[in-house]
Amino acid sequence: MIKELILQAREKANAGLRLNLQEALALYEDNDLLFLADCARRMKEKKSGRQVFYNVNKHINLTNICTSGCPLCAFQKKEGEPGGFVLEETDIAKILEEAKVTRNLGEIHIVSALHPDKPFEYYLNVVKQVRQALPQVDIKAFTPVEIVHFSQMTGKSIKEVLEILQKAGLSSLPGGGAEILSDRVREIICPKKATTVQWIETIKTAHKLGIRTNCTMMYGHIETIEERLQHLFTLRDIQDETGGFQAFVSFPFHPANTGLDYLKRVGSWEDMKMMALSRLILDNVDHIKAFWIMLTMPIAQLALGFGADDLDGTIGEEKIIHAAGANTGRGITRSKLRQLITEAGFEPVERDTFYHPVETGEEAVK
Amino acid sequence: MYSSEEYKEIEKKIFAGERLSREDGIKLFACKDIAWLGNMADYVRQQKCGDIVYYNVNCHVNLTNICTSKCKFCAFGRDKDDKGAYAMDVEDALALVRDASKDPNLAGLHVVSGLHSDWSFEDYLQRLQALHDEFPNLYLKGFTGVEITHFAKISGLSVEQVLRKLQQAGLQAIAGGGAEILSDRVRNELCPNKATAAQWLEVSRTAHKLGIKTNASMLYGHIETLEERVDHLLTLRDLQDETGGIQTFICFPFLPKHTELGKTVQQTSMWDDLRTIAISRLMLDNITNIKAYWVMLTVPVAQIALGFGANDIDGTIHKETILHDAGASSPTALSEDNIIKIIREAGRIPAACDCNFNILRTFAD
Ligand code: SF4
Ligand code: SF4
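Structure follows, in structure tokens:
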């Protein structure tokens with residue numbers, strides 16, 4: 001890497017200016033973690049000051065039985081395989097009863113596998129059922145991968161599928177399944193699910209319909225650094241066009257129990273570096289989320305010093321990532337989250353899906 | 367360059383290589399900007415030690431967990447008839463090391479133990495001697511200021527005589543544990559039965575006089591105040607000004623699980639761990655090496671600590687027991703390959719060293 005390029009990239013990062021791919025690669029190579037942290041922190045402060053957001057949400061995974069068979073995935077089961085499950089209406093009703101008494105529950109988060117037999121109506125009915133039980137709660141459901149699957153199953157266009165879901169009460173999309181938006185990479189880690197083009201088309205269509213989404217990245221598997229950074233630029237381009245991304249979430253790849261288990265989990269250094277670099281590259285995305293379930297809470301807390309401004313929610317139960325061997329706790333209380341944020345010198349703000357602050361009746365712990 | 371106005375003065379001092387005061391130290395602990403702290407510590411590390419990160423391939427030998435001291439923060443020490451109490455005889459200790467020495471890269475031993483109610487100084491000495499006789503090529507680091515104070519007490523010898531005997535039996539460096547927080551208030555409350563602050567310092571001072579290098583440490587995150595942390599660092603800095611014999615400084619976050627304090631004290635956060643390492647690097651301007659002890663910090667924190675002033679990540683320990691009794695969740699050993707990967711990912715040069723920081727092998731490319 002040429003010295004001038006690194007210097008130029010550092011200067012731009014330091015000034016909070018827009019980076020190009022070559023400059024991002026130079027910063028990656030330069031590997032000055034604390035410099036990146038400092039630049040990222042300043043960009044974070046420009047966007048959200050000293051605030052750090054969290055929400056009270058509940059994850060529901062409807063099924064883990066999947067036709068896609070992605071090598072990257074530890075969650076999937078084949079039909080008939082032990083440990084496979086599908087939630088039916090009564091199961092969901094039970095979860096919703098619990099949700100009704102959760103104080104300040106702001107969001108239901110639904111993502112699932114691509115079940116071989118369940119028709120689109122099944123998923124649609126879940127949205128209706130949730131909407132009816134919890135009229136005030138935001139429903140963040142279905143990744144573009146699932147939407148594409150619905151469209152293929154029904155023969156309806158992506159736009160039609162989204163419109164039907166929106167009418168039934170869907171508020172936003174979680175933006176998962178992006179992994180790395182490169183055909184070469186997807187061919188190896190998830191050959192059967194939505195392609196790069198389909199993922200992007202779904203997202204853009206959602207944004208046009210006024211459905212906000214998150215965007216994601218799964219890194220640390222077989223992608224090159226250039227592919228990884230290019231992925232961030234692809235997201236930035238979409239955002240320039242539509243402005244529909246609310247937050248970016250990155251997932252380090254957990255190789256345990258996947259078809260790629262010969263790989264090693266990248267280190268925390270890499271996690272923090274990617275956190276800071278994504279904050280700097282995605283200059284048009286408001287929020288960067290440190291998804292503590294994936295990162296572990298200590299690292300998620302640290303990520304607040306590397307540009308993250310959202311710690312995700314007080315999640316009730318999460319199955320997908322624990323199947324992949326994440327050894328984090330399965331839930332966290334509001335006061336513990338607030339304490340972690342305050343300890344890191346930030347101001348905790350409870351938010352709804354759209355980052356509006358909500359009243360908690362709680363003081364920041366000193 | 368990075369800091370808010372408030373820290374400009376301190377930043378100037380750091381760039382000028384000037385010594386920080388007690389007030390500066392206290393102010394650093396109030397700093398909310400972790401990236402700035404990290405940057406400052408990393409700058410100093412770079413100036414002082416360059417890009418090499420030390421690690422060692424060693425085996426921990428904990429001769430016994432039977433201990434009369436009953437320190438409140440300790441999950442390792444037991445009474446003789448407690449469940450899980452053990453005491454190695456000479457053969458046990460040799461067997462452990464024979465097993466560990468199957469690794470051709472094993473470079474040395476780290477020997478620390480409880481203060482056994484029945485053992486004499488000779489009992490410890492004999493085991494050390496036996497290890498040295500059978501494994502003359504392994505370096506021997508061991509015995510904390512607490513153990514050595516105890517040996518002097520039970521043998522009637524002076525600290526200097528004890529140290530000379532250990533040295534003759536093959537000891538090359540003294541372990542850094544037992545310093546905890548060098549404050550009588552804290553020690554009276556947590557570990558009233560073991561070496562006082564003054565005694566701990568006396569052992570280090572005497573060792574340095576005899577040409578034995580020592581490590582120093584701090585156990586933080588229990589009942590100490592942040593001021594007491596700063597004072598602890600300054601006490602070590604003063605000693606180092608006087609003798610120059612401290613090779614490396616190690617921060618131990620207190621792991622409350624399984625100890626008497628477990629109910630009242632919360633475990634430190636990664637945030638606290640990293641700032642404490644950074645501030646140690648900044649305050650201890652006369653100690654060359656700062657160790658991020660992965661067994662206690664966990665591997666992820668230790669790796670990031672390399673960006674917060676640390677230049678030593680400790681070893682590929684063969685069977686660590688003391689801290690795992692305390693509920694450390696890290697693996698009990700790390701392979702050398704893993705350590706090299708961790709260091710490389712941080713963009714630094716791994717170097718295997720002995721207990722006196724002589725480089726045995728590096729992996730420069
Ligand atoms: S990643 Fe999603 S689509 Fe792929 S196998 Fe797993 S559950 Fe199915
Ligand atoms: S800390 Fe050391 S001296 Fe104190 S009880 Fe534990 S083993 Fe004994």
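If you're matching them up, the sequences are chains A and B in order. Reminder that position 19 of the first sequence reads as 19 in this note's numbering, one-by-one numbering, no gaps. Reminder that position 102 of the second sequence reads as 468 in this note's numbering, one-by-one numbering, no gaps. Note that the Cβ used here is the ideal one computed from N, Cα and C, for glycine as well.
Reference residue i; option with closest CA among the options
{"i": "G211(A)", "options": "P255(A), E81(A), G83(A), F142(A)", "result": "It is worth fixing the name first, because residue 211(A) is Ile in this sequence and not Gly. Considering only alpha carbons, the answer is F142(A)."}
{"i": "H750(B)", "options": "R647(B), A401(B), C415(B), R530(B)", "result": "Shown here, chain B extends from 367 to 731; a query on residue 750(B) therefore has no answer."}
{"i": "A346(B)", "options": "S524(B), G416(B), A563(B), V512(B)", "result": "Only positions 367 to 731 of chain B appear in the structure, and residue 346(B) is not among them; the question remains open."}
{"i": "E179(A)", "options": "F35(A), V145(A), M272(A), G16(A)", "result": "V145(A)"}
{"i": "S151(A)", "options": "P135(A), Y123(A), R131(A), D138(A)", "result": "Y123(A)"}
{"i": "D550(B)", "options": "G577(B), S521(B), E590(B), K579(B)", "result": "E590(B)"}
{"i": "K58(A)", "options": "T202(A), E98(A), G345(A)", "result": "E98(A)"}
{"i": "V127(A)", "options": "Y54(A), V148(A), K167(A), I158(A)", "result": "K167(A)"}
{"i": "C425(B)", "options": "V419(B), D469(B), D455(B)", "result": "D469(B)"}
{"i": "D240(A)", "options": "V285(A), T258(A), A13(A), H221(A)", "result": "V285(A)"}
{"i": "D499(B)", "options": "L481(B), L460(B), A712(B)", "result": "L460(B)"}
{"i": "A401(B)", "options": "A290(A), K12(A), H287(A), K273(A)", "result": "K273(A)"}
{"i": "L462(B)", "options": "A451(B), R493(B), C433(B), K449(B)", "result": "R493(B)"}
{"i": "E4(A)", "options": "R18(A), L27(A), A303(A), A256(A)", "result": "L27(A)"}
{"i": "S278(A)", "options": "A13(A), V266(A), Q8(A)", "result": "A13(A)"}
{"i": "Q230(A)", "options": "A113(A), I6(A), Q22(A)", "result": "Q22(A)"}
Residue environment, residue i, which counts as buried when at least 16 other CB atoms sit within 10 Å
{"i": "L115(A)", "result": "According to the sequence shown, residue 115(A) is His rather than Leu. By the 10 Å Cβ count, H115(A) comes out buried."}
{"i": "F729(B)", "result": "exposed"}
{"i": "K94(A)", "result": "exposed"}
{"i": "V552(B)", "result": "buried"}
{"i": "E318(A)", "result": "Any answer about E318(A) is weak, because its pLDDT of 47 lies below 50 and its placement is not dependable; what the coordinates show is given next. Flag for E318(A) reads buried."}
{"i": "H356(A)", "result": "exposed"}
{"i": "F354(A)", "result": "exposed"}
{"i": "G80(A)", "result": "exposed"}
{"i": "N722(B)", "result": "exposed"}
{"i": "T580(B)", "result": "buried"}
{"i": "V358(A)", "result": "exposed"}
{"i": "D309(A)", "result": "buried"}
{"i": "R385(B)", "result": "exposed"}
{"i": "Y811(B)", "result": "Because chain B here runs from 367 to 731, residue 811(B) falls outside it and cannot be looked at."}
{"i": "P135(A)", "result": "exposed"}
{"i": "P298(A)", "result": "buried"}
{"i": "Y373(B)", "result": "buried"}
{"i": "G267(A)", "result": "buried"}
{"i": "E201(A)", "result": "buried"}
Contact list for residue i against chain B, beta-carbon separation under 7 Å
{"i": "N31(A)", "result": "G713"}
{"i": "G305(A)", "result": "I400, A401"}
{"i": "M406(A)", "result": "The displayed coordinates of chain A run from 1 to 366. Any statement about residue 406(A) would go beyond what the structure contains."}
Chain A residues whose Cβ lies nearer than 7 Å to that of residue i
{"i": "W402(B)", "result": "D38"}
{"i": "K398(B)", "result": "G345"}
{"i": "S660(B)", "result": "Residue identity check: residue 660(B) is Trp in the sequence provided, not Ser. Those do not exist, as W660(B) stays about 11 Å from chain A at its closest Cβ, beyond 7 Å."}
{"i": "I705(B)", "result": "Here the premise fails: no neighbours, minimum Cβ distance about 11 Å."}
{"i": "I708(B)", "result": "G267"}
Interface residues of chain B facing residue i [CB-CB closer than 8 Å]
{"i": "F35(A)", "result": "N405"}
{"i": "S268(A)", "result": "V665, P666, V667, Q669, I670"}
{"i": "R41(A)", "result": "D399, A401"}
beta-carbon residue i near ligand 1 non-hydrogen atom, thresh 7 Å
{"i": "A113(A)", "result": "yes"}
{"i": "Q152(A)", "result": "no"}
{"i": "K58(A)", "result": "no"}
{"i": "L193(A)", "result": "It is Lys, not Leu, that sits at residue 193(A) in the sequence shown. Yes, ligand 1 has a heavy atom inside 7 Å of this Cβ."}
{"i": "V145(A)", "result": "yes"}
{"i": "C190(A)", "result": "yes"}
beta-carbon residue i near ligand 2 non-hydrogen atom, thresh 7 Å
{"i": "F442(B)", "result": "yes"}
{"i": "K436(B)", "result": "yes"}
{"i": "V512(B)", "result": "yes"}
{"i": "C70(A)", "result": "no"}
{"i": "K738(B)", "result": "Residue 738(B) lies beyond the range of chain B shown here (367 to 731); nothing can be said about it."}
{"i": "L592(B)", "result": "no"}
{"i": "G508(B)", "result": "no"}
Under 9 Å from the C-beta of residue i: neighbouring residues of chain A
{"i": "S635(B)", "result": "M297, P298, Q301, L302, L340, E343, A344"}
{"i": "G673(B)", "result": "D32, L33, L34, A37, W269, M272"}
Proximity test, residue i beta-carbon vs ligand 4 heavy atom, cut-off 7 Å
{"i": "F75(A)", "result": "With respect to ligand 4, the structure offers nothing, as its ligand set consists of ligand 1 and ligand 2."}
*asked:* Any C-beta of chain A within less than 7 Å: which residues of the segment 403–422 of chain B qualify?
replied: G404, N405, D408
*Which residues, taken in chain order from the segment 211–226 of chain A, show a beta carbon closer than 9 Å to some beta carbon of chain B?*
none
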